[in-house]
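Chains as they are written, first to last, in our numbering: chain X, 70 to 306; chain Z, 995 to 1381.
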Amino acid sequence: MTEAMIRVKGVTKTYKRGGESLRVLDRLGLEMEEGRFYALMGPSGSGKTTLLNLIGGLDVPDEGDLFVAGENLAELSSAELAHWRSRSVGFVFQGFNLIPVLSAFENVELPLKLTPLSRAERRQHAEHALKLVGLGDRMHHRPKQLSGGQEQRVAIARAIASDPKVILADEPTGDLDRKSADQVLELLVQLNREFKKTILMVTHDPHAANHAQSIVHLDKGQLGRIEELRPAAAAAR
Amino acid sequence: MASFQLVWRNLMRRPLRSLLTILSLAVAIFLICGLRSLITTLNAGVAAADNRRMAVMSKTGLFVELPIKYQATLDRLPGVEMTTKFQWFGGYYRSQKNFFAQFAIDPANLFEMYPECKVSAEEQAAFLGDRTSCIIGDVLASDFGWKVGDNVPLIGALHPHPDNKAWEFRVAGIYHSSAPNFDNRTMFFHWDYFEKTLEANGVTPGVGVFSMRVAQGSDVAAIKLAVEQAFEDSEQRVACETEADFQRQFVTMFGNIPLFVGWIGGGVVLAILLASINTMLMSMREQTVEIGIQKALGFTDGAMFGLLIAQALFLCLVGGGLGIAVAALTQAPIATWMAATFPGYAITNGTFAFAALVTLLLGLAAGAVPAWRARNLRCVEALRGMD
């Protein structure tokens, strides 16, 4: 049996807004296997992004435990959590979230500055990642000189540059046209299939979700049904 | 550690804002250098004063003259080696705007009493040998283009010439002062010429200040007491001060200048600090989402603190460095420009170091608030653009 890459145990998260408490996740339990591509679906406010942020160590739960890529996140200090993120998780955001003052190459190289790699090695890794996403000829362009699809592909290159085990994508095709969205989804499928990355993608879009191997449904902060679309070896194209 | 590339690119995000902040900092640090130099220049005379020289003046004040005969009494007092008269002439060259100091003195003792007054032996001899001659400071000579052998006519505003004409002085030598307590923009001429010319009109001049040199190892306090007691029952009582105290009187004559200048300097620093903090807060606000991105990528809270501090430091060090450089480059022209009213203006190494320290502290203080906020920003909130 494949080992769980992500294990969520009894996680609760409550936000306070305008003096009212809003329980976004309610004693949620979930396991995700290593090397599998998951889509996380659910209506707005169901807790999808909150769960993604908790799994990525960007936020902390009020209750419960999170085990991701071999670490119990609750046991890590703020600095240890940052270090863990740098080596274990890659993020892809809906709004691309590239640093506008850096070129595509510099954006991809940025997380590599946290590694012990030499400058030449960083260059090699960043160039390789950009070529992998088909942007070898756009390395020195600033984000505003790229199309939305190209920006998202740079963001994916940045997410994989330091070779993390887990890629967390929050509505990665939400701001893209269908053609660009398909290119991004194909890339994620390729990363899962060829490089065995565990991918968790939040999406509203059933078409996007169909690229995953499993669809996890969330509703009102609780786990709904899990659809198994296909086995790991046969991801959609 | 903050990447210089990111620091630079973030500052160049709004080049005009960064440039204006740098220029404001440059002006502020330039002013700090200038203001502090006014104080150090004033105090330089006090610091460089010779501890064997003392000044004797009227107890009433500097503008009340003492009788010439007092010099003989002073010369006889135990511990006094030599004396010279100093009398303010108050003349001007062609126009009243051509102001500079002129003193009638006893030439025989001047060079021995003031070894910091450097003049060649040849010119010294020429000065001593001609009672209508004068020596002038090299800065004064340069200002008016005078050279040895020139005749300098001065209108005696305080001491008009008996024949209602200009006083004529031949430049016998040009001196250079090796110490800040001896001005390079002054004229010294013979007391005899001054006295004899005035006496032709029945006027007996008085003496503004007697300068005395006391013997090595003398008890200065005892001599001061002896001098003041010697004239206790005379027509003019006197005050006797060490040269340092005498110089200090000039510094305090205009009020508490160091305090006044300190207030202005403090105001300048506070104003630029607030402006720099504002710039850095605006910069940090623009970078809020990017701070969230970098934290998501694995940069620590401390790294974000460092990034913002580095930006503030870079801005301040460039601005402050520019201000210091401009202060250094303009030192000579400013010294010339202020020579008449503020002789000896110079920026000391201590002032440069002080300006560098202020620059560094400004950078740290300007960056501290935004850096602390960046450090404490929660990643998810920063990604939503909430600062």
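Beta carbons: idealized from backbone N, C-alpha and C, even for Gly.
query	result
With a 10 Å radius around its C-beta and 16 neighbouring C-beta atoms as the bar for buried, classify X:Glu190 as buried or exposed.	exposed
Report the option in Z:Val1201, Z:Ser997, Z:His1184 whose CA atom is closest to the CA atom of Z:Ala1102.	Z:His1184
With a threshold of 9 Å between beta carbons, is X:Gly125 in contact with chain Z?	yes
Name the DSSP bridge partner or partners of X:Phe160?	X:Leu237
Can you tell which of Z:Gln1243, Z:Ala1041, Z:Leu1268, Z:Ala1120 has the C-alpha that lies nearest to the C-alpha of Z:Gly1055?	Z:Gln1243
Where Z:Leu1014 and Z:Ala1020 are concerned, what is the direct C-alpha to C-alpha distance, given to the nearest angstrom?	10 Å
Give me the chain Z residues within the contact set of X:Pro180, using Cβ-Cβ distance strictly less than 8 Å, ordered along the chain.	Leu1291, Gly1292
Run the CB neighbour count on X:Lys266, radius 10 Å, all protein chains shown included, and call it buried at 16 or more, exposed below.	buried
Compare the beta carbon distance of X:Val202 and X:Ala226 with 9 Å and say whether it is the shorter of the two.	yes
Could you check the C-alpha separation between X:Lys248 and X:Glu149 for me, to the nearest Å?	39 Å
If you follow the alpha helix (DSSP H) that X:Arg188 is part of, which residue opens it and which one closes it?	188-201
Is it buried or exposed, Z:Gly1300, if we count other Cβ atoms within 10 angstroms and call 16 or more buried?	buried
Out of Z:Ala1209, Z:His1153, Z:Lys1159, Z:Phe1182, which one is the CA nearest neighbour of Z:Ala1135?	Z:Phe1182
Would you mind working out which of Z:Lys1218, Z:Gln1096, Z:Gly1196, Z:Asn1175 sits nearest Z:Glu1235, comparing C-alpha positions?	Z:Lys1218
So the candidates are Z:Gly1143, Z:Leu1122, Z:Ala1160; which of them puts its Cα closest to the Cα of Z:Asp1186?	Z:Leu1122
Note down, in chain order, every chain X residue with its Cβ under 7 Å from the Cβ of Z:Asn1004.	Val170
Could you please tell me which residues of the stretch 127-140 of chain X, in chain order, have their CB closer than 7 Å to any CB of chain Z?	Leu127, Asp128
Using the beta-carbon of each residue, which ones in chain X are nearer than 7 Å to Z:Arg1007?	Val170
Can you give me the Cβ contacts of X:Leu52 inside the same chain, cut-off strictly under 8 Å, excluding the 5 residues immediately before and after it?	In the structure as shown, chain X starts at 70 and stops at 306, and residue 52 of chain X therefore has no counterpart that could be examined.
Is the CB of Z:Leu1377 under 9 Å away from at least one CB in chain X?	yes
Can you give the Cα-Cα distance for Z:Pro1154 and Z:Gly1131, rounded to whole angstroms?	24 Å
Are any of the Cβ atoms in chain X nearer than 9 Å to that of Z:Gln1288?	yes
Anything in chain X within Cβ reach of Z:Glu1284, meaning under 7 Å, just list it in chain order.	Ile168
Closer than 8 Å by C-beta to Z:Leu1377: which residues in its own chain qualify, once you throw out the five before and the five after it? Chain order, please.	Val1283, Gly1286, Ile1287, Ala1290
Given 8 Å as the limit, tell me if X:Gln193 has its C-beta closer than that to any heavy atom belonging to the ligand ZN.	You won't find the ligand ZN in this model; it holds no ligand whatsoever.
Should X:Ser113 be flagged as near chain B, meaning a C-beta pair shorter than 9 Å?	Among the protein chains in the structure shown, which are X and Z, there is no chain B.
Alpha helix (DSSP H) containing Z:Thr1034: first to last residue?	1009-1042
Is it true that the CB of Z:Glu1237 sits closer than 9 Å to the CB of Z:Ala1049?	yes
Of all the options Z:Pro1147, Z:Val1320, Z:Val1197, which has the alpha carbon lying nearest to the alpha carbon of Z:Arg1088?	Z:Pro1147
Tell me whether Z:Thr1282 sits in a helix, a strand or coil according to DSSP, three-state version.	helix
For X:Lys85, which beta-bridge partners are listed by DSSP?	X:Ser90
Applying a beta-carbon distance threshold of less than 9 Å, which residues of chain Z neighbour X:His152?	Gly1292, Thr1294
Using 8 Å as the threshold, is the stretch 129-141 of chain X in touch with the stretch 271-289 of chain X, meaning 3 or more CB pairs across them?	no
Could you tell me the alpha carbon to alpha carbon distance between X:Pro142 and Z:Gly1317, rounded to whole angstroms?	Note on identity: in this sequence residue 142 of chain X is Leu, with Pro being the wrong assignment. Distance between the alpha carbons of X:Leu142 and Z:Gly1317: 50 Å.
Note down, in chain order, each residue of its chain lying with its Cβ closer than 8 Å to the Cβ of X:Thr83, except the 5 sequence neighbours on either side.	Ser90, Leu91, Arg92, Val93, Asp131
Please determine if the stretch 1061-1071 of chain Z and the stretch 1220-1228 of chain Z are in contact, where contact requires at least 3 C-beta pairs separated by less than 8 Å.	yes
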